[in-house]
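Using the working numbering, the letters of the sequence shown map in sequence onto residues 1139 to 1746.
Ideal Cβ positions, reconstructed from N, Cα and C, are used throughout, including at glycine.
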Amino acid sequence: MAVRLELHVAGRIEDYALIGDMQTAALVCRDGTVDWLCLPRFDSHAIFAGLLGTEEHGFWRLGPAHASDSPPPTAARRSYRGDSLILESEWDTPRGTVRVIDFMPPRDGAPQLIRIVEGVSGRVPMRSTLRMRFSYGRVVPWVHKHEGRTVAVAGPDSVWFDSEAETYGKSLTTYSDFTVAPGERIAFTISWEPSHKQPPALPEPEQSLTATEDFWRDWVEHCTYHGPYREAVIRSLITLKALTYAPTGGIVAAPTTSLPEDIGGVRNWDYRYTWLRDAAITLSSLLRTGYREEARAWREWLLRAVAGDPENLQIMYGIAGERELGEAELDWLPGYENSAPVRVGNGAAHQLQLDVYGEVTEALHLAHMTGLARNDYASLLQLKLIRYLEDHWQEPDEGIWEVRGPRRHFVHSKVMAWVAVDRTIKLIESGDADGPLERWKELRDEIHRDVCEKGYDKERNTFTQSYGSKELDASLLLIPQMGFLPPDDKRVIGTIEAIQRELSTSDGFILRYPTQGEHEGVDGLSGDEGAFLACSFWMADDLAMIGRVDEARKLFERLLSLRNDLGLLAEEWDPARQRQVGNFPQAFSHVPLIDTALRLTASGAYGG
């Protein structure tokens, strides 16, 4: 008779720390468990997928030894080492205190996850429990010794495990039991290599630790922001850098898939790809805080991904510019807290989202305005995008939120089409491009009139989610930020106040749009979701723009309080459960955090 496996109790989303090497990333829980790691890239198959399943789907726990029938102890303290992505977790036990240092060195060869155990006081019994499962927990690898090293092999992949500690195998798991004394350091490393190649070089954990710390210290020194929210801004910038795929400059929306927007529901998506929208606004934040090299690399990624085919612009691509991101469900994984299905790939890749043309054009415009070296093809691409919009801006689309219901004339999409035309007109007026200036000025005016006539509810004094709709949408908060209307326009103020009334949660955070619970809503899905953190930051921005700066500051600081103890944010906040939900950490949450901090600092709207 088969033994029933108990569900692995993953931590709350905010219980996880991020470590990474700018090519992939791992999530480490408070109890010292690595529950998520894809190798060798962000979008590769996971070798640890316990986050979305059971312990049978892969994990690596390293911490004080504990009884097998009790949960592993959680760290008493944890923090990043200075302004870096080096995680330090400390446990206080009856026998002493121990520290575990987790990091992934910026890659020069095989990807590595290094864990160093350091004795602080007393003599602490420790245990490493390593259960590698390839292909998102579906494949048990062949684990064996090779010239004194432990290697796990399955198909094209091999993972090498190195440590000075003695190891043994039991129940398809690799264990190490040891005791650490004050000042003693014992290192553990896993390295990935294609299985047909020679073994990766032996790791050098201490040298790698020094090099990793030096890398992050040097990178942070380029930050030009020195305002009152510097700690939050720096941590968000480090997170965005960690989500950048170094070989190409592509930026993933998050390093995870299928962390639910609605716990127990179906709103579970794969975010390990480069959304043009997310990457464009990330570029904006990086440029405004001094990171021109990242901006240049993203622009080069964009030009390669779009290539000579702007008419078929996708809303997202793979991190190397791949176009085919077919969506599939992993039915052997029960999902995070039983939130199924677990999805890989993303079927929204081929949706029509007209707002993307505006976000890309805005990013290219900002790069041009901040002095990024001119790229003639970037200007040519911008002109091609506008020529496409000339013929298609009047079409309905799926909009910024990737609805899986019917296409609509979303107001935000039309506003961003206006942005695309407006920024291109500015490019031509600067003398850096040639185009039909007068014709496009007429097009800009036509789009503006269309939005103001068809997307505005005069009776309620608010713009609406789509033409002919009574629903609201938090993306309307971007109208003044994009310069479509000035902040003091009565229609802008009316829209802000309507969203506060109708899309605000009990604790003052902002929902994207109304959902319908058990019934299918505008997005074609059942279920609800939490407050969308990016929208809540947008509200703080708008409040500052219309002069309600004290209210804006208070909202911003409440949002900062939602970050976990390491300064990280998921996509949403569940006001009922009082916890973070959605993929984690989320670029689309950390970017507006930076933007709002810059705006409030410029306005002087901060305490102390």
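Assuming residue i contacts residue j (C-beta within less than 8 Å), just tell me the rounded distance between them.
i     : j     : result
T1171 : R1215 : Not confirmed; about 17 Å, so no contact.
I1457 : D1153 : Not a contact, Cβ separation roughly 27 Å.
E1344 : P1337 : Actually they are not in contact, since the Cβ atoms of E1344 and P1337 sit about 21 Å apart, beyond 8 Å.
H1728 : L1165 : That belief does not hold up - the Cβ atoms of H1728 and L1165 are roughly 16 Å apart, past 8 Å.
N1406 : V1480 : 7 Å
G1483 : A1466 : 6 Å
R1650 : F1670 : 4 Å
L1614 : Y1218 : No, L1614 and Y1218 are not in contact; Cβ-Cβ is about 36 Å, not under 8 Å.
V1238 : G1201 : 7 Å
D1679 : R1737 : 6 Å
R1269 : T1311 : 5 Å
F1601 : T1653 : Contact flag wrong, Cβ pair sits at about 20 Å.
P1574 : Y1526 : In fact, because the Cβ distance is near 14 Å, the residues do not count as touching under 8 Å.
A1558 : L1523 : 6 Å
By the 10 Å Cβ neighbour count, where 16 or more other Cβ atoms means buried, how is residue i classified, buried or exposed?
i     : result
R1512 : exposed
G1321 : exposed
Y1608 : Note on residue identity: the sequence assigns Lys, not Tyr, to residue 1608. Label assigned to K1608: exposed.
E1656 : Because the pLDDT of E1656 is 47, which lies under 50, any placement of that residue in the model is unreliable, and the number read from its coordinates should be weighed accordingly. Exposed, since its Cβ has fewer than 16 Cβ neighbours within 10 Å.
S1208 : exposed
N1721 : buried
K1308 : exposed
E1399 : buried
H1146 : Confidence is the limiting factor: at H1146 the pLDDT is only 44, short of 50, which leaves the residue's position unreliable, though a coordinate-based value still follows. Burial call: buried.
R1587 : exposed
A1140 : The predicted model places A1140 with a pLDDT of 36, which falls under 50 and marks its position as unreliable; any figure quoted below should be read in that light. So A1140 counts as exposed.
M1507 : exposed
G1746 : For G1746, the predicted structure reports a pLDDT of 42, less than 50, and the residue's modelled location is therefore unreliable. The matter cannot be settled from this model.
A1319 : exposed
E1144 : In this predicted model, E1144 has a pLDDT of only 36, less than 50, meaning its place in the structure is not dependable; the value taken from the coordinates is given anyway. By the neighbour-count rule (16 or more Cβ atoms within 10 Å), E1144 is not buried but exposed.
Y1409 : buried
N1702 : buried
L1731 : buried
P1232 : exposed
Q1718 : buried
A1213 : buried
K1552 : buried
L1340 : exposed
T1348 : exposed
Need the endpoints of the beta strand (DSSP E) that residue i sits in, please.
i     : result
V1255 : 1250-1260
D1300 : 1295-1301
Y1218 : 1215-1218
D1679 : Run containing D1679: none in the beta strand (DSSP E); it sits in the alpha helix (DSSP H), 1671-1683.
E1228 : 1225-1231
G1234 : 1234-1241
K1129 : In this structure the chain extends from 1139 to 1746, so residue 1129 is not present and cannot be described.
F1353 : No beta strand (DSSP E) holds F1353; the alpha helix (DSSP H) holding it covers 1343-1358.
W1330 : 1323-1332
At what residues does the alpha helix (DSSP H) containing residue i begin and finish?
i     : result
L1421 : 1414-1426
Q1619 : 1616-1619
Y1313 : It is not in any alpha helix (DSSP H) - Y1313 instead sits in the beta strand (DSSP E) that spans 1311-1318.
G1520 : A small correction: the amino acid at residue 1520 is Gln; Gly does not occupy that position in the sequence shown. Element bounds for Q1520: 1514-1530.
R1577 : 1575-1592
F1622 : Counting along the chain, F1622 falls outside any alpha helix (DSSP H), and DSSP gives it neither H nor E.
L1189 : No alpha helix (DSSP H) contains L1189, which DSSP labels as neither H nor E.
K1564 : 1549-1567
L1697 : 1687-1699
Would you say residue i touches the ligand HEM, meaning its beta carbon is less than 6 Å from a heavy atom?
i     : result
S1477 : Of the ligands one can find in the structure shown there are none, so the ligand HEM has no counterpart to examine.
Can you tell me which of the options puts its alpha carbon nearest to the alpha carbon of residue i?
i     : options                    : result
D1315 : M1264, A1292, P1337        : M1264
D1352 : A1392, P1244, K1564        : P1244
P1624 : A1636, A1682, F1726, T1348 : A1682
A1203 : W1229, F1197, S1222, R1219 : W1229
V1132 : G1286, T1386, R1287, G1293 : The chain is shown only over 1139 to 1746; residue 1132 falls outside these bounds and no answer can be derived.
S1266 : Y1274, S1273, F1299        : F1299
F1675 : G1188, F1601, Q1619        : Q1619
A1555 : I1566, S1273, W1531, S1477 : W1531
T1382 : V1630, A1163, V1255        : A1163
Q1250 : G1158, K1579, Y1455, G1464 : G1158
I1684 : I1631, L1504, E1709        : I1631
S1422 : F1726, A1714, S1396        : F1726
A1433 : D1469, G1388, E1528, Y1526 : G1388
Would you verify that the beta carbon of residue i is, or is not, closer than 7 Å to some beta carbon of chain D?
i     : result
R1245 : Checking the listed chains, one finds no chain D in this structure; it contains a single protein chain.
**OP:** Give a yes or no on contact between the region 1362-1373 and the region 1327-1336, applying the rule of three or more CB pairs nearer than 8 Å.
**Re:** No, because fewer than three Cβ pairs between the region 1362-1373 and the region 1327-1336 fall closer than 8 Å, the two stretches do not touch.
Original post:
Can we say the region 1544-1553 touches the region 1508-1525, given the rule of at least three CB pairs closer than 8 Å?
Top reply: These segments do not touch.
Subject >> the region 1489-1507 in contact with the region 1528-1536 per 3-pair CB rule at 8 Å >> reply: Yes, the region 1489-1507 touches the region 1528-1536.
Subject >> Segment contact, 8 Å Cβ cut-off, at least three pairs: the region 1677-1691 with the region 1422-1439 >> reply: Touching, no.
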